[in-house]
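Please read the structure below before turning to the comments.
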Amino acid sequence: MKLSVLGSASGMPVPDRNCSAYLIEVDSQTYLIDAGEGIARQLVRYSVGSDQIDEVFISHVHSDHLSGLFMLLQWMHMTQREKPLQIYLPKGVLPGFQAVLAYFHIFQEKWPFRFQFLPISEGLVFSCHDFQLSAVSNGHLSGNKDLADQAGVGSDSYSFILSEKGHERAVYTSDVDSLAHLTAHQEGVGILISECAHLSVDDVIDFAQQSGIPRIILTHIPPEKENLVLSDKQNPMSTAIEWAFDGLVIEV
Ligand SMILES: [Zn+2]
Ligand SMILES: [Zn+2]
């Protein structure tokens with residue numbers, strides 16, 4: 255499984271990083287995880303065709319993870335994509351999401367391809383050939399629960415576990431309140447792709463070391479953590495730690 259980082263920024267706009275987006279290529283399929291602002295341009299920049307993406311998975315509906323979706327659909331329209339597209343969204347927003355599209359003048363009837371919205375909830379979300387994507391619910395949006403319930407949009411938010419048969423698993427935390435929800439899912443994980451905007455880097459390292467995860471990619475990097483240098487004391491077990499950047503490609 256190949257993972258390309260297309261957006262390593264946090265929710266704060268910065269000149270050299272795009273908002274959250276990751277491309278997974280496995281079994282001749284291409285999946286987009288999160289579609290932060292600027293994703294269509296990033297796909298053009300990295301020569302990914304508009305007909306190449308098979309499925310889209312949105313971890314939660316903050317703008318830095320979702321707002322590129324509208325431009326992505328516009329780009330696919332303008333380039334005359336024909337292949338159907340499945341877009342997985344947190345189940346809480348699904349009932350009213352078609353109505354949001356109308357505000358962007360995105361009308362299924364006028365699009366050259368079929369797109370379909372499907373719900374993400376806890377557990378297995380998607381599987382194809384040897385690849386599986388599962389969701390683990392986290393509390394990142396729980397502080398908005400009352401207002402979100404009133405608005406009828408839900409407050410569910412997910413981390414994703416990416417598995418390919420015969421390989422170690424990868425965990426993409428997306429945005430979280432802590433890593434406690436992942437403790438039950440640490441077995442067989444070879445790589446932790448973790449945000450570091452709502453978590454301290456020390457918390458991420460501690461979690462990986464307690465879970466026996468040998469490799470960390472730090473992403474969703476806020477401006478104040480740019481150029482942060484880690485001491486040996488912070489990483490006592492010498493876990494392999496890399497800082498993500500837009501364009502980083504790793505084999506998982
Ligand atoms: Zn975010
Ligand atoms: Zn968020």
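Heads up: the sequence shown begins at 255 in the numbering used here, then just goes up one per residue.
All residues carry an ideal CB built from backbone N, CA and C; glycine is no exception.
key: Which residues DSSP lists as bridging Glu422, in chain order   = The residue you call residue 422 lines up with position 168 of the sequence shown. Answer by DSSP bridge pairing: none, since Glu422 is not bridged.
task = Take Asp305 and list the residues in its own chain whose beta-carbon comes closer than 6 Å to its own, dropping the five residues that flank it on each side.
result = Translated into positions along the sequence shown, residue 305 becomes position 51. Contacts found: Arg335 and Lys337.
task = Could you check which residue in Ser409, Lys256 and Pro267 has the C-alpha nearest to that of Pro476?
result = Reading the sequence shown from its first residue, position 222 is the one you call residue 476. It is Pro267.
His439: CB within 7 Å of a non-hydrogen atom of ligand 3 = Summarising the ligand content, the structure contains ligand 1 and ligand 2 and does not contain ligand 3.
key: Length of the line joining the Cα atoms of Ser388 and Asp270   = Sequence index remark: in the sequence shown, residue 388 carries index 134 (1-based). Sequence index remark: in the sequence shown, residue 270 carries index 16 (1-based). Cα to Cα, Ser388 sits roughly 31 Å from Asp270.
inquiry  = Closer than 8 Å is the cut-off here; do at least three beta carbon pairs connect the region 286-298 with the region 315-327?
reply    = Because the criterion of three Cβ pairs below 8 Å is met, the region 286-298 and the region 315-327 touch.
ask   = Which of the three DSSP states, helix, strand or coil, is assigned to Gly466?
value = The residue labelled residue 466 in the question sits at position 212 within the sequence shown. Reduced to three states, the DSSP call for Gly466 is coil.
ask   = How about His474 and Ser264: do their beta carbons lie closer than 8 Å?
value = For the purposes of this step, residue 474 is taken as residue 220 along the sequence shown, with counting starting at 1. For the purposes of this step, residue 264 is taken as residue 10 along the sequence shown, with counting starting at 1. Against a cut-off of 8 Å, the Cβ pair of Ser264 and His474 comes out as a contact.
message = Extract the residue ranges of the beta strand (DSSP E) inside the region 258-308, only unbroken runs of 3 or more that lie entirely within it.
response = 275-280 and 283-287
Given 8 Å, three or more beta-carbon pairs between the region 371-379 and the region 393-407 = The region 371-379 vs the region 393-407: no contact.
request  = Taking only the alpha-carbon atoms, compute the straight-line gap between Phe369 and Gln352 and give it to the nearest angstrom.
outcome  = Position 115 of the sequence shown, counted from the start, is the residue given in the question as residue 369. Position 98 of the sequence shown, counted from the start, is the residue given in the question as residue 352. Near 11 Å, if we compare the C-alpha coordinates of Gln352 and Phe369.
request  = With hydrogens ignored, establish whether the beta-carbon of His359 is closer than 7 Å to any heavy atom of ligand 1.
outcome  = In the sequence shown, counting from the first residue as 1, residue 359 sits at position 105. The beta carbon of His359 sits no closer than 7 Å to any heavy atom of ligand 1.
query = In terms of residues, what are the limits of the alpha helix (DSSP H) holding Ala402?
reply = If you number the sequence shown from 1, residue 402 lands on position 148. Ala402: member of the alpha helix (DSSP H) spanning Lys399 to Ala405, first to last residue.
inquiry  = One question on the structure: do Ile470 and Ile459 come within less than 8 Å of each other, judged by their Cβ atoms?
reply    = As a first step, residue 470 is located in the sequence shown; it is residue number 216 there, counting from the start. As a first step, residue 459 is located in the sequence shown; it is residue number 205 there, counting from the start. In this structure, Ile459 lies closer than 8 Å to Ile470 by Cβ.
message = Is His421 close to ligand 1? I mean its beta-carbon at under 7 Å from any heavy atom of the ligand.
response = Position 167 of the sequence shown, counted from the first residue, corresponds to residue 421. No, the Cβ of His421 stays beyond 7 Å of every heavy atom of ligand 1.
message = I want to check one thing, is the minimum distance from the CB of Asp429 to the heavy atoms of ligand 1 below 7 Å?
response = Sequence index remark: in the sequence shown, residue 429 carries index 175 (1-based). At least one heavy atom of ligand 1 is nearer than 7 Å to the Cβ of Asp429, so yes.
request  = Whole angstroms is fine: what's the gap from Arg299's alpha carbon to Leu482's?
outcome  = Within the sequence shown, the letter at position 45 stands for residue 299. Within the sequence shown, the letter at position 228 stands for residue 482. Arg299 and Leu482: Cα-Cα distance of roughly 27 Å.
key: Extent of the continuous beta strand (DSSP E) to which Pro344 belongs   = Counting from 1 along the sequence shown, the entry for residue 344 is found at position 90. Taken as a continuous stretch (DSSP letters only), the beta strand (DSSP E) holding Pro344 covers Leu339 to Pro344.
ask   = So Val379 is in the beta strand (DSSP E); what residue range does that whole segment cover?
value = What you label residue 379 is simply residue 125 of the sequence shown in a count that begins at 1. That run of the beta strand (DSSP E) goes Gly377 to Cys382.
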